[in-house]
Amino acid sequence: MPMRLGSERPELAGATEWFHQDQLPTDLSDKYVLVHFWAVSCHICHETMNDLIKYRDQYKEHGLQMVGIHFPRYEADTDIEKVKEDIAKYGITHPVAIDNLHKIAEAYQNEYVPAFFLFDKEGKLFFRTAGDRGFEKLQPKIEQVLGLSQA
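So in UniProt numbering, spot 55 of the sequence shown is number 55, and the numbers just go up one at a time.
Take a look at the structure:
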C-alpha cells in the first residue's frame, strides 16, 4: 500500500553508497524535501531529468531540498559507473543515495521510477506521483507547498 498523504517522511537509511552526501543537511526538519527515485535504465527518468534539475535550481532559494534515490530495476542498474555517468551527464549536484538493497524504496513504499515524494516543512507527505504523467503535476505542487501559488 503506498504512503498516504500526511505520512511522516521516512529516514533515508539503508543506502549502499552516497554521492554528494555533503550537500545533505544533517537535519531535514523544517525543510521542504523532494525525494526523487530514478534508475539509469529508465527512459522516462532521463527524459524528465533536465526539467527536474531546473526545478531543483529554481526552487532552492525558496527552501526546496532535493534528494535523489537511485533505485535499480535490473541487475545492470547496480553498476555504479553507469550511475556516475548519469550524475555527470545531467549535472546532478544534489545528494543521491544508491538503493541497491531497496531499503529506502521499502521505507517509502515505492516500486516505481521515476517517482516523486514531496514533503512539507513539518516532514509530512504533501504530494506523491510517478511516471511522466505524474511528473507533469509536480511543478504546480512544488509551488503550492512553497506557498508560491494559490492552487
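Ideal placement from N, C-alpha and C gives every residue a C-beta, glycine not left out.
Asked	Found
Residues bridged to residue 66 by DSSP?	34
So for residue 121, helix, strand or coil by DSSP?	coil
Measuring CB atoms only, is the region 97-105 touching the region 11-31, in the sense that at least three cross pairs come out at less than 8 Å?	yes
Could you check whether residue 115 and residue 97 sit closer than 8 Å to each other, using their CB atoms as the reference points?	no
Can you tell me whether residue 95 is buried or exposed, with buried defined as 16 or more other CB within 10 angstroms of its CB?	buried
I'd like the span of the alpha helix (DSSP H) that includes residue 113, first residue to last.	Taken as a continuous stretch (DSSP letters only), residue 113 belongs to no alpha helix (DSSP H), as it is neither H nor E.
Does DSSP put residue 96 in a helix, a strand or coil?	strand
Could you name the residues that DSSP lists as bridge partners for residue 128?	117
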